[in-house]
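A.B. asks: Chains as they are written, first to last, in our numbering: chain A, 30 to 555; chain B, 8 to 269.
Sharing a structure below in structure tokens format, with a few things to ask.
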Amino acid sequence: MSDSPERKKYPAFFEWLTTGDHKKIGIMYLWFALFMALVGGGLAGAIRAQLASPDSGLMRPELYNMSISMHATLMIFFMIIPAWVGFGNYFVPLLIGARDMAFPRLNAFAFWLAVPAAVLILSSFLVVGGSIQTGWTAYPPLSLKAFSAGAGTDMWILGIIIAGTASVLAAINFIVTTANMRAPGMTWLKMPLFVWAWFVNATLILIATPVLSSALAMLLTDRLFGTTFLTVGSGGDPLLYQHLFWFYSHPAVYIMILPGFGVISHVVAAFSRKRVFGYRGMVTALALIGIIGYMVWAHHMFVSGIPAWLQVFFSYASMVIAVPTGIKVFSWLATIWGGTIRFSTPMKFALGFIGLFVLGGMSGIMLANVPIDYQVHDSYFVVAHFHYVLVGGSVMAILAATYYWFPKMSGRFLSEKLGTWIFWLIFVGINITFFPQHILGIQGMARRIFTYRPEFTALNRVSSFGYLFLLLGGLLLVWDLLRQAFFRKGSLPDDPWQVNDIQHTLDWAVASPPPEYNFEEIPVIK
Amino acid sequence: MKQRLFILSTALLAALACAGAHPGDITNWLQAPASTTAVEVRHSFFLTLILIAPFLLAAEGLLLFVIFRFRAKPGREPAKFHENTRLEIAWTVAPALVLIVIAVSTYKLIESINYSPASDIQVEVTGQRFFWKYTYPEYGLTISDEPLVVPENKVVTLLGTSVDVIHSWWVPALGIKKDVLPGRITEAWFKARRGTYKGQCAELCGPLHAEMLIDVKVVSEDEFKSWIRSKQAELAVPSAAAPADSSAAKPADSTGTATGRQ
């Protein structure tokens with residue numbers, strides 16, 4: 030990197046602390062997400078250990094409830110979403126031929142808001158009464174002062190509001206950058222799919238997140254200042270919270286998967302050596318998923334007592350999402366069709382993503398069907414469904430992106446040999462851990478319970494056993510990442526995967542890693 | 008590769024075998040539906056499964072096919088196509104049609120789950136951390152922390168509420184799950200065959216949520232009547248007085264006076 034002399038005075042640490050460079054901020058987001066994945070994954074281990082037998086007695090019920098709440102919180106708000114913000118930060122400007130994000134300081138500010146939010150939430154374990162015990166949904170009245178007195182709940186609420194603010198700021202930056210800073214000649218319909226995915230995603234964040242923040246603000250003022258937005262008996266209504274909460278948290282599942290859709294398109298095309306099939310269809314599907322994603326939130330509330338006509342509307346709207354999602358899946362398959370596949374690690378993760386995500390989508394259609402949802406709502410079937418979508422989908426896509434773009438970010442490959450092991454451990458681990466949970470749910474095991482009827486023991490043991498695969502795969506990955514990032518030297522060519530003769534994206538047209546400000550001359554797209 | 012697939016499929020089959028090892032589990036609404044609603048829901052479940060299975064198989068099958076068919080080999084060039092409007096229309100329209108079938112097939116069932124037919128017996132369900140209270144208004148009877156007892160083949164309407172946080176009354180075999188919320192009354196109904204059914208609270212309600220269990224006994228009409236009578240007697244005793252002698256004497260006394268007056 031060609032630094033100017035006055036910059037050299039500062040130690041590297043200070044350089045990172047004050048940087049406005051979108052690439053450095055992106056990398057910091059990614060390390061942040063990795064750290065949170067370790068904490069959240071550790072909690073998952075504690076949960077599966079507790080559930081390995083019906084009376085393991087490993088955790089007090091209170092601690093168990095804290096663990097499930099914090100596992101979800103960390104994985105959603107501090108792992109998957111920040112990981113995508115990290116990749117977006119690094120690659121959206123590169124892919125559109127820009128030198129940085131539109132607002133570099135705002136970009137840094139957003140990251141440095143997310144860090145104290147995480148500290149605040151994690152430290153809620155240390156206060157009297159411990160952390161939040163209500164599940165990540167924090168439904169009132171359970172989350173009100175009368176039933177969750179501890180300050181841990183207040184810290185959690187504040188932490189989520191701060192993290193939400195950070196992601197809104199990041200989203201504004203993405204929207205402005207994509208709208209205004211594309212290289213000359215890059216029309217909307219020439220933008221790479223990852224950029225499109227992030228643009229739709231940022232729009233979702235911008236519209237949905239403030240709604241969550243207002244719901245949580247109501248909760249906080251009810252708890253601390255005696256307002257009664259949600260307090261029954263003083264005119265408040267707990268269902269109001271559920272509507273507001275899911276108005277954010279349903280789009281949030283797309284916030285966690287849309288950038289993945291983008292990455293998978295890149296990887297699948299690159300390693301089949303073909304252009305993406307049906308580009309316009311893919312863009313339309315992304316936009317449709319974004320729009321319909323807003324019309325389905327009440328499918329989380331079918332059994333809450335909302336009227337039947339609402340259930341019908343939200344049921345049908347939820348099913349409709351399967352259509353654009355199907356378009357994407359079939360387009361990926363058509364992209365591979367006729368190609369010449371190289372099974373490099375990113376491609377393995379991309380193919381694994383398609384296989385697992387399809388299964389998760391199918392159980393999603395079952396859940397959208399109201400009578401079935403009446404049975405399996407809040408059961409392990411739901412747990413299986415969203416883990417297939419979030420681990421089999423989002424996390425597999427994050428891993429595909431990690432393996433695909435690590436050479437660009439560092440100038441070094443991650444180990445292909447280890448990568449193969451990691452892929453199979455995680456792929457097999459996901460299936461052993463989460464597939465049995467479908468059956469548990471159908472048999473009638475409720476979620477968020479620390480003990481269960483003895484009939485459910487065998488399958489729970491299988492599920493807990495699967496966690497070991499995920500743990501081993503995860504630890505191997507962390508080891509390889511640390512080793513390659515800090516202890517190896519290497520310099521790869523601009524296009525180490527040799528994909529740009531087919532793909533023509535600008536990320537592979539600059540050095541690995543890219544210089545400060547990315548492009549000496551802003552490229553012109555023909 | 009093939010070995011790994013073999014290991015994976017073995018693991019999945021083993022998991023399925025474990026699942027099948029408990030056919031007697033009576034919380035299972037797929038194998039032993041005990042109410043009219045649960046039977047219909049099971050039909051809907053299998054119909055949905057059958058309708059989406061071709062898409063699942065098509066997607067996963069095509070995925071495996073392309074993985075094995077289109078590996079990079081020396082001398083083979085990748086195809087150049089990247090559009091096919093007809094194909095794209097086909098895979099948009101086909102799932103849409105199937106979803107319409109699924110949607111229409113559920114419409115009546117959604118209605119029937121939500122609106123109780125003429126009710127034979129009403130029970131007021133109150134959720135409270137961490138037990139359930141049942142009131143039979145017609146019989147002036149309230150029981151708590153014990154099984155709900157109802158007659159077989161009767162439309163039982165449940166009117167639920169909560170005194171603290173949100174709970175959810177869930178008995179899988181009966182095809183029922185409904186949240187009970189403070190400040191609101193929610194409704195559910197079932198018409199079940201004889202048997203004992205287990206369930207539990209399905210909405211996280213605090214530390215002992217996992218132990219907020221539900222038991223339902225569906226009995227014959229006669230058994231139900233006699234159960235009601237014995238419960239009424241049992242509950243009437245402590246309300247009269249603590250010493251057993253005086254409580255036994257009191258009704259005898261009043262009968263005596265009545266007879267005396269005649």
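The beta-carbon is built from N, C-alpha and C at its ideal position, and this holds for glycine as well.
1. With a cut-off of 8 Å, does the C-beta of P400 (chain A) fall near any C-beta of chain B?
2. I think S404 (chain A) touches K184 (chain B), with their Cβ atoms under 8 Å apart; what is that distance to the nearest whole Å?
3. Along the region 363-374 of chain A, what residues have a CB closer than 9 Å to any CB found in chain B?
4. Give every residue of the same chain whose Cβ lies closer than 7 Å to the Cβ of E210 (chain B), excluding the five residues on either side of it in the sequence, and list them in chain order.
5. On the criterion of 16 or more Cβ atoms from any shown chain inside 10 Å, does T113 (chain B) qualify as buried, or is it exposed?
6. Check the Cβ of A110 (chain B) against every Cβ in chain A and list those closer than 8 Å, keeping chain order.
7. Return the chain-ordered ranges of every alpha helix (DSSP H) run that is complete within the region 148-222 of chain A and spans a minimum of 4 residues.
8. Kindly say whether K238 (chain B), judged by its beta-carbon, lies nearer than 8 Å to any beta-carbon of chain A.
9. Whose C-beta lies closer than 6 Å to the C-beta of G560 (chain A) among residues of the same chain, with five residues either side of it excluded?
10. Does K303 (chain A) have its Cβ less than 8 Å from a Cβ in chain B?
11. Shortest alpha-carbon distance to P556 (chain A) belongs to which of A:V507, A:F515, A:F106 and A:P542?
12. Within 8 Å (strictly less), CB to CB, does V553 (chain A) reach chain B?
13. Rank B:R49, B:F53 and B:P102 by C-alpha distance to the C-alpha of I350 (chain A) and give the top, closest one.
14. With a threshold of 16 other CB atoms inside 10 Å of the CB of Q527 (chain A), please say whether the residue is buried or exposed.
15. Identify each residue in the region 475-503 of chain A for which the Cβ-Cβ distance to at least one residue of chain B is less than 9 Å, and report them in chain order.
16. Give a yes or no on whether 8 Å exceeds the smallest Cβ distance from W177 (chain B) to chain A.
17. Do the CB positions of M220 (chain A) and I293 (chain A) come within less than 8 Å of each other?
18. Does the beta carbon of G389 (chain A) sit closer than 8 Å to a beta carbon anywhere in chain B?
19. Taking G310 (chain A) as the query, report the chain B residues whose CB atoms sit under 7 Å from its CB, ordered along the chain.
20. Using the rule of at least 16 other Cβ atoms within 10 Å of the residue's Cβ for burial, across every protein chain shown, is P189 (chain B) buried or exposed?
21. Are the C-beta of M395 (chain A) and some C-beta of chain B separated by less than 8 Å?
22. Classify L155 (chain A) as buried or exposed, calling it buried when 16 or more other Cβ atoms lie within 10 Å of its own Cβ.
23. At which residues does the beta strand (DSSP E) containing Y496 (chain A) begin and terminate?
24. So, using beta-carbon positions, are V341 (chain A) and I109 (chain B) closer together than 8 Å?
25. Just to confirm the assignment, what range does the alpha helix (DSSP H) spanning A60 (chain B) have?
26. Kindly give me the distance between the Cβ atoms of A199 (chain A) and V305 (chain A), rounded to whole angstroms, as I take these residues to be in contact under 8 Å.
27. Report buried or exposed for A540 (chain A), applying the criterion of at least 16 other Cβ atoms within 10 angstroms of its Cβ.
28. Use the C-beta contact count for R78 (chain B): other C-beta atoms within 10 angstroms, 16 or more gives buried, fewer gives exposed.
29. Give me the subset of the region 119-135 of chain B whose CB atoms are less than 8 Å from a CB atom of chain A, sorted by chain position.
30. What is the DSSP secondary structure of V178 (chain B), reduced to helix, strand or coil?
31. Does the beta carbon of W234 (chain B) come closer than 8 Å to any beta carbon on chain A?
32. Within this structure, are the beta carbons of V163 (chain B) and I120 (chain B) separated by less than 8 Å?
33. Starting from T99 (chain B), follow the alpha helix (DSSP H) in both directions and report where the run begins and ends.
34. Spell out whether any CB of chain A is found under 8 Å from the CB atom of L37 (chain B).
35. Can you check which of these residues, A:L218, A:G158 and A:V205, is closest to P122 (chain A) by C-alpha distance?
36. Can you tell me whether DSSP reads P288 (chain A) as helix, strand or coil?
C.D. replies: Reading off the structure:
1. Position 371 of the first sequence, counted from the start, is the residue given in the question as residue 400 (chain A). Yes, P400 (chain A) lies at the interface with chain B (some Cβ there is under 8 Å from its Cβ).
2. Within the first sequence, numbered from 1, the residue matching residue 404 (chain A) stands at position 375. Within the second sequence, numbered from 1, the residue matching residue 184 (chain B) stands at position 177. Note that residue 404 (chain A) is Gln in the sequence shown, not Ser. Going by Cβ atoms, the distance from Q404 (chain A) to K184 (chain B) rounds to 7 Å, so yes, they are a contact pair.
3. The residues in question are A363, T364, I365, W366, G367, G368, T369, I370, R371 and F372.
4. For the purposes of this step, residue 210 (chain B) is identified with residue 203 of the second sequence, where counting begins at 1. Here the set comprises I173, H174, S175 and D186.
5. Position 106 of the second sequence, counted from the first residue, corresponds to residue 113 (chain B). By the 10 Å Cβ count, T113 (chain B) comes out buried.
6. For the purposes of this step, residue 110 (chain B) is taken as residue 103 along the second sequence, with counting starting at 1. Contact note: A110 (chain B) reaches chain A through S344, Y345 and M348, using a C-beta cutoff of 8 Å and chain order.
7. Every alpha helix (DSSP H) stretch that sits fully inside the region 148-222 of chain A and reaches 4 residues is listed by chain position as 180-209.
8. As a first step, residue 238 (chain B) must be located in the second sequence, where it is residue number 231. Not an interface residue.
9. Past the boundaries of the shown model lies residue 560 (chain A); chain A is included only from 30 to 555, so the question cannot be answered.
10. If you number the first sequence from 1, residue 303 (chain A) lands on position 274. K303 (chain A) counts as touching chain B.
11. Lying outside 30 to 555, the shown extent of chain A, residue 556 (chain A) is not represented and no answer is given.
12. Numbered from 1 along the first sequence, position 524 holds the residue referred to as residue 553 (chain A). No - not a single Cβ of chain B is within 8 Å of the one on V553 (chain A).
13. For the purposes of this step, residue 350 (chain A) is identified with residue 321 of the first sequence, where counting begins at 1. Comparing Cα-Cα distances from I350 (chain A) to each of B:R49, B:F53 and B:P102, the minimum goes to B:P102.
14. For this step, residue 527 (chain A) is matched to residue 498 along the first sequence. Exposed is the call here.
15. Only those residues of the region 475-503 of chain A whose C-beta falls short of 9 Å from the nearest C-beta of chain B are listed: A475, R476, R477, I478, F479, T480, Y481, R482, E484, F485, A487, L488, R490, V491, S492 and G495.
16. Indexing the second sequence from 1 puts residue 177 (chain B) at position 170. The C-beta of W177 (chain B) comes closer than 8 Å to at least one C-beta of chain A.
17. For the purposes of this step, residue 220 (chain A) is identified with residue 191 of the first sequence, where counting begins at 1. For the purposes of this step, residue 293 (chain A) is identified with residue 264 of the first sequence, where counting begins at 1. A distance of 8 Å or more separates the beta carbons of M220 (chain A) and I293 (chain A).
18. For the purposes of this step, residue 389 (chain A) is taken as residue 360 along the first sequence, with counting starting at 1. No, its Cβ sits nowhere closer than 8 Å to a Cβ of chain B.
19. Numbered from its first residue, the first sequence carries residue 310 (chain A) at position 281. At a beta-carbon threshold of 7 Å, the residues of chain B lying near G310 (chain A) are E95, ordered along the chain.
20. Locating residue 189 (chain B) in the second sequence gives position 182, counting from the first residue. Flag for P189 (chain B) reads buried.
21. Locating residue 395 (chain A) in the first sequence gives position 366, counting from the first residue. For M395 (chain A), the answer is yes, since a Cβ of chain B falls inside 8 Å of its Cβ.
22. Indexing the first sequence from 1 puts residue 155 (chain A) at position 126. Label assigned to L155 (chain A): exposed.
23. Taking the first residue of the first sequence as 1, we reach residue 496 (chain A) at position 467. Element bounds for Y496 (chain A): not the beta strand (DSSP E) but the alpha helix (DSSP H), T486 to F516.
24. Within the first sequence, numbered from 1, the residue matching residue 341 (chain A) stands at position 312. Within the second sequence, numbered from 1, the residue matching residue 109 (chain B) stands at position 102. No, they are not a contact pair.
25. Residue numbering aside, residue 60 (chain B) sits at position 53 when the second sequence is read from its first letter. DSSP places A60 (chain B) in the uninterrupted alpha helix (DSSP H) bounded by T43 to R76.
26. For the purposes of this step, residue 199 (chain A) is taken as residue 170 along the first sequence, with counting starting at 1. For the purposes of this step, residue 305 (chain A) is taken as residue 276 along the first sequence, with counting starting at 1. About 26 Å separates the two Cβ atoms, so there is no contact after all.
27. Taking the first sequence and counting its residues from 1, one reaches residue 540 (chain A) at position 511. With fewer than 16 Cβ atoms within 10 Å of its Cβ, A540 (chain A) is classed as exposed.
28. As a position in the second sequence, residue 78 (chain B) is number 71, starting the count at 1. Classification for R78 (chain B): exposed.
29. The region 119-135 of chain B vs chain A, Cβ under 8 Å: I120, N121 and Y122.
30. What you label residue 178 (chain B) is simply residue 171 of the second sequence in a count that begins at 1. When DSSP states are grouped into helix, strand and coil, V178 (chain B) belongs to the strand group.
31. By one-based count along the second sequence, residue 234 (chain B) stands at place 227. W234 (chain B) does not count as touching chain A.
32. As a working note, residue 163 (chain B) is residue 156 in the second sequence. As a working note, residue 120 (chain B) is residue 113 in the second sequence. No, the Cβ-Cβ distance between V163 (chain B) and I120 (chain B) is not below 8 Å.
33. Locating residue 99 (chain B) in the second sequence gives position 92, counting from the first residue. Start and end: T92 to N121.
34. Here residue 37 (chain B) refers to the residue found at position 30 when the second sequence is read from its first residue. Closer than 8 Å to some Cβ of chain A, the Cβ of L37 (chain B) qualifies, so yes.
35. Position 93 of the first sequence, counting from 1, holds the residue named residue 122 (chain A). Among A:L218, A:G158 and A:V205, the Cα nearest to that of P122 (chain A) belongs to A:V205.
36. By one-based count along the first sequence, residue 288 (chain A) stands at place 259. Three-state result, P288 (chain A): helix.
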